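Single-structure report; data block below.
Number of protein chains: 2
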Amino acid sequence: MPDMTDRQAFSGLTVLDFSQGVAGPHATTLLALHGADVIKIEPLEGDWGRGLGKIEGDHCAHSVAFNRGKRSLALDLKAPDAIAAVNKIAAKAAVVVESFRPGVITRLGFGYEAIKKINPSVIYCSVSGFGQTGPYSKRPTVDGLIQAFSGMMVMNRLPDGTPWRQGMIAVDVTTGLYTFQALSTAILRQFRFGEGCHIDSSLMRAAAAWQGAKLMEWVHTEGNPQPLYMPAGSYKTSNGYIMLSAMRPHHFRKMFELIGRPDVAADPDLQTHENRIKNAPKIVKALNETMPARTTEEWIALLQPNEVFCERVSNYEDYLAHPHVKETGAVDWIKQDGFASMPIANIAGLPPAREDPARHHAPHVGEHSRAILGELGYSAAEIDAMVAKKAIVVPSLPARAAE
Amino acid sequence: MPDMTDRQAFSGLTVLDFSQGVAGPHATTLLALHGADVIKIEPLEGDWGRGLGKIEGDHCAHSVAFNRGKRSLALDLKAPDAIAAVNKIAAKAAVVVESFRPGVITRLGFGYEAIKKINPSVIYCSVSGFGQTGPYSKRPTVDGLIQAFSGMMVMNRLPDGTPWRQGMIAVDVTTGLYTFQALSTAILRQFRFGEGCHIDSSLMRAAAAWQGAKLMEWVHTEGNPQPLYMPAGSYKTSNGYIMLSAMRPHHFRKMFELIGRPDVAADPDLQTHENRIKNAPKIVKALNETMPARTTEEWIALLQPNEVFCERVSNYEDYLAHPHVKETGAVDWIKQDGFASMPIANIAGLPPAREDPARHHAPHVGEHSRAILGELGYSAAEIDAMVAKKAIVVPSLPARAAE
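Taken in order, these protein sequences are the chains called G and U. Going by full-length UniProt numbering, the first residue of the first sequence is number 1, and it counts up by one from there. Going by full-length UniProt numbering, the first residue of the second sequence is number 1, and it counts up by one from there.
Following this line, the structure appears as structure tokens:
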């Protein structure tokens with residue numbers, strides 16, 4: 001139930017969320033963490049995003065991350081009883097989000113025009129791969145394909161030019177952020193001006209917007225963007241990798257003097273930004289020769305106090321254990337049903353997870369079906385009848401069903 | 001000047017923006033594109049973010065991308081006249097954003113506590129590398145170092161395990177999105193409840209939040225996350241690369257039948273998700289053998305109609321020229337002073353750039369100094385005196401100065 005007393009941005013707002021997977025759910029979990037009552041409509045078997053990677057019950061790590069704070073109503077969108085219940089929610093929702101392939105939601109009867117008739121100021125957001133219009137609009141796609149399509153894999157390419165896909169669903173996650181950007185501003189317009197709208201969000205647009213400066217740079221440099229500075233990369237040490245970055249001109253000289261390579265610091269071929277870019281292989285060669293001689297920690301102890309920009313290359317375990325991360329409360333550890341304690345990366349502008357751990361619960365399939373239908377005025381007998389007809393799913397555990 | 005008639009989310013709001021570089025400016029350019037009057041406070045020599053890569057006058061591609069829609073007031077923050085002018089703006093601003101190293105803005109006299117005294121409901125946002133507190137808070141950093149620190153380079157690592165930095169300032173850009181998330185919700189709280197706040201946004205937190213599901217997955221799999229499905233990667237064709245993705249189980253079989261490798265489709269070692277992950281090298285080997293036999297376009301013509309997920313690996317030139325991108329208006333081309341026409345990746349929820357090209361102008365250093373000071377009540381003679389004292393900069397072109 002929405003809590004109107006907590007003074008969060010979206011307190012008191014209902015969100016009808018048909019979205020599945022990652023992009024849409026990421027946007028709506030941010031709405032939920034900022035106080036909205038997000039009702040997650042799932043098919044009887046659950047959101048397909050619950051099966052990404054290692055599974056624990058009806059969740060995986062991704063479905064926990066992108067469904068925190070929501071309530072789940074699992075139903076068959078073709079069953080008349082379920083359709084009637086969804087329409088009751090649609091009539092009062094501030095926001096409706098869906099991520100079916102373009103055209104599908106209209107056939108199901110919950111398209112923008114249909115909802116607008118019963119809810120004139122609704123904010124309706126469609127999230128898709130290629131957008132609602134154009135020749136590719138109905139083309140099936142996934143994160144990796146948009147990494148390929150958008151130029152992201154070429155941007156992230158290896159030294160030999162091989163295009164490289166990121167080891168995470170970067171476009172999906174980023175689409176969640178751009179979709180949230182569209183939703184939060186639309187909600188403010190709804191508050192200020194009483195207006196709704198139809199938002200056409202897509203993986204394609206989000207990937208391009210995220211790379212917007214790179215697109216401009218590509219045009220401006222006629223396809224030959226230069227590194228912003230040199231060196232800026234990771235180098236092997238005796239026990240790992242160190243990232244070195246000589247952003248300001250004086251950093252270059254200082255770095256090479258400190259690591260015992262005054263010959264490079266003074267090399268006449270490397271005294272200007274342009275020359276360092278042009279003769280980058282000389283710099284890379286010198287660092288590859290020199291950096292393996294000491295540990296990462298020894299180099300950092302030498303370079304950092306002299307304001308040469310450097311950092312240990314960490315994995316997630318290092319990050320989670322880092323004293324600065326711990327001391328600043330950047331990560332909280334929250335219990336999720338069926339999982340060991342899970343790390344929550346706290347987000348700027350949101351209360352830290354430790355202050356409201358219950359809000360970070362990601363629902364089981366149909367966990368709140370009974371509660372939500374009860375709020376809509378359905379009696380327990382009516383709900384039981386819907387379960388018997390397989391129009392809805394409620395959790396099998398009596399303790400939950402009694403909620 | 002703010003336009004109160006356009007009914008954008010932030011119409012009528014003034015933003016006092018001290019931020020430089022990319023992360024803060026990215027957030028405030030989104031505020032400007034959604035209607036806010038963002039006054040960019042720059043040092044006399046301009047934001048250092050104007051010098052990232054190839055330079056054109058007082059801009060580079062990055063500074064254009066992340067300063068669209070703002071007005072520039074260039075001044076010396078230590079000159080008494082400039083300080084007085086900034087305080088006038090601070091008193092009426094809905095939002096103040098700064099990205100100095102923690103502690104600096106307080107010494108300059110514009111810290112949260114100082115602004116709050118003259119503007120009790122102000123939203124004050126600090127953007128930094130490691131946040132405002134903790135042992136690393138004053139450590140200098142840049143995008144690449146946070147890619148290293150946050151685990152991002154390990155997530156993005158090469159097949160041999162080498163950590164790999166993305167070819168763009170991914171953390172800076174993403175921090176802009178998380179900062180915008182914090183600002184837009186804080187503005188809604190300011191509207192609804194009359195409350196201000198101090199937001200502590202950082203590159204470190206944004207990088208971790210963006211990888212939040214990966215952090216959970218790392219813990220859940222004890223540091224050994226598996227690919228979400230197999231295959232999902234790019235393969236050489238006779239004229240480029242193709243990205244292949246067998247998300248659903250039946251895609252795997254269909255893909256290998258269609259490319260003429262029924263032996264792989266039927267391989268008893270590859271019939272379950274678990275076995276395909278375990279025996280991934282067999283799949284990769286088969287694709288490396290087979291895919292170079294035809295062009296990318298031939299493969300796509302064969303696979304796509306059968307709903308096997310595949311996509312050409314494009315660069316930015318391909319993206320910008322793509323018929324679907326053109327037909328959907330995903331990119332508009334806008335003239336920027338000093339540049340050829342520049343591509344604007346249109347963002348979901350915002351009017352397309354072609355409908356309001358003037359809003360996509362990124363200001364020159366001090367371009368609006370005269371206009372802004374005039375609105376604050378300064379006479380032309382007073383402004384001239386400030387210029388003579390080097391307290392402010394106005395553009396040297398008479399046409400602009402007359403604005």
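No residue lacks a Cβ here, since even glycine has one placed at the ideal position from N, Cα and C. Being a predicted model, the structure only gives us computed values, none of them experimental.
Of the residues the options, the one placed nearest residue i, counting alpha carbons only
| i | options | result |
| --- | --- | --- |
| residue 345 of chain U | U:116, U:58, U:326, U:142 | U:326 |
| residue 373 of chain U | U:74, U:26, U:60, U:132 | U:74 |
| residue 342 of chain G | G:316, G:263, G:323 | G:316 |
| residue 329 of chain G | G:355, G:338, G:220 | G:355 |
| residue 223 of chain U | G:94, G:90, G:318 | G:318 |
| residue 163 of chain G | U:167, U:126, U:209 | U:167 |
| residue 280 of chain U | U:321, U:141, U:227 | U:227 |
| residue 209 of chain G | U:12, U:65, U:366, U:10 | U:65 |
| residue 172 of chain U | U:154, U:276, U:286, U:143 | U:143 |
| residue 206 of chain G | G:154, G:248, G:131, G:194 | G:131 |
| residue 235 of chain U | U:299, U:218, U:194 | U:299 |
| residue 71 of chain G | G:249, G:375, G:380 | G:375 |
| residue 134 of chain G | G:352, G:382, G:202 | G:202 |
| residue 304 of chain G | U:140, U:8, U:15, U:113 | U:140 |
| residue 47 of chain G | G:370, G:32, G:27, G:20 | G:20 |
| residue 37 of chain U | U:231, U:12, U:161, U:274 | U:12 |
| residue 45 of chain U | U:367, U:231, U:111 | U:367 |
| residue 347 of chain U | U:337, U:336, U:360, U:335 | U:360 |
Bridge-paired residues (DSSP) for residue i
| i | result |
| --- | --- |
| residue 252 of chain U | Answer is none; residue 252 of chain U lacks a bridge partner. |
| residue 357 of chain G | According to DSSP, which records beta bridges pairwise, residue 357 of chain G is partnered with nothing at all. |
| residue 201 of chain U | U:127 |
| residue 236 of chain G | G:241 |
| residue 309 of chain U | U:245 |
| residue 345 of chain U | U:331 |
| residue 367 of chain G | None; residue 367 of chain G has no bridge partner. |
Boundaries (first-last residue) of the alpha helix (DSSP H) holding residue i
| i | result |
| --- | --- |
| residue 299 of chain G | 296 to 303 |
| residue 328 of chain U | Element bounds for residue 328 of chain U: n/a, residue is neither H nor E. |
| residue 104 of chain U | 104 to 108 |
| residue 81 of chain U | 80 to 92 |
| residue 172 of chain U | 170 to 193 |
CB contact flag (residue i, residue j, <8 Å)
| i | j | result |
| --- | --- | --- |
| residue 349 of chain G | residue 29 of chain U | no |
| residue 128 of chain G | residue 101 of chain G | yes |
| residue 199 of chain G | residue 182 of chain G | yes |
| residue 69 of chain G | residue 60 of chain G | no |
| residue 188 of chain U | residue 339 of chain G | no |
| residue 24 of chain G | residue 99 of chain G | yes |
| residue 39 of chain U | residue 89 of chain U | yes |
| residue 35 of chain U | residue 10 of chain U | yes |
| residue 264 of chain G | residue 242 of chain G | no |
| residue 363 of chain G | residue 67 of chain G | yes |
| residue 393 of chain G | residue 313 of chain U | no |
| residue 238 of chain G | residue 145 of chain U | no |
| residue 301 of chain G | residue 332 of chain G | no |
| residue 221 of chain G | residue 54 of chain U | yes |
| residue 6 of chain U | residue 390 of chain U | no |
| residue 174 of chain U | residue 92 of chain U | no |
| residue 233 of chain U | residue 165 of chain G | yes |
| residue 31 of chain U | residue 96 of chain U | no |
Terminal residues of the beta strand (DSSP E) in which residue i lies
| i | result |
| --- | --- |
| residue 245 of chain G | 241 to 245 |
| residue 14 of chain U | 14 to 17 |
| residue 123 of chain G | 123 to 128 |
| residue 216 of chain G | First-last for residue 216 of chain G: 212 to 220, but that is the alpha helix (DSSP H), not the beta strand (DSSP E). |
| residue 267 of chain U | Where residue 267 of chain U is concerned, there is no enclosing beta strand (DSSP E), given that its DSSP letter is neither H nor E. |
| residue 95 of chain G | 95 to 98 |
| residue 71 of chain U | 71 to 75 |
| residue 42 of chain U | 37 to 42 |
Residue-chain proximity (residue i, chain A), Cβ-Cβ < 8 Å
| i | result |
| --- | --- |
| residue 133 of chain G | Among the protein chains of the structure shown, namely G and U, there is no chain A. |
Check: Touching or not, the region 108 to 122 of chain U and the region 138 to 153 of chain U, by the rule of three or more beta carbon pairs under 8 Å?
Finding: With the cut-off at 8 Å, the region 108 to 122 of chain U and the region 138 to 153 of chain U do not touch.
Margin query: Within 8 Å, do at least three Cβ pairs link the region 98 to 115 of chain G to the region 284 to 298 of chain U?
Written below: The region 284 to 298 of chain U, when compared against the region 98 to 115 of chain G, does not touch it at the 8 Å Cβ threshold.
Notebook entry, point to check: Can you find at least 3 beta carbon pairs, one from the region 80 to 88 of chain G and one from the region 370 to 389 of chain G, that sit closer than 8 Å?
Noted result: Note that the region 80 to 88 of chain G touches the region 370 to 389 of chain G; at least 3 beta-carbon pairs, one per stretch, sit closer than 8 Å.
Notebook entry, point to check: Counting pairs of beta carbons, one from the region 249 to 265 of chain U and one from the region 278 to 294 of chain U, are three or more of them closer than 8 Å?
Noted result: Three or more beta-carbon pairs separated by less than 8 Å link the region 249 to 265 of chain U to the region 278 to 294 of chain U, which places the two stretches in contact.
Next item on the list: Count the C-beta pairs between the region 196 to 211 of chain U and the region 266 to 276 of chain G that are closer than 8 Å, then say yes if the count reaches three, no if not.
Entry: No, the region 196 to 211 of chain U does not touch the region 266 to 276 of chain G.
Check: Quick one: any contact between the region 296 to 313 of chain U and the region 245 to 257 of chain U, if contact means 3 or more CB pairs under 8 Å?
Finding: Touching, yes.
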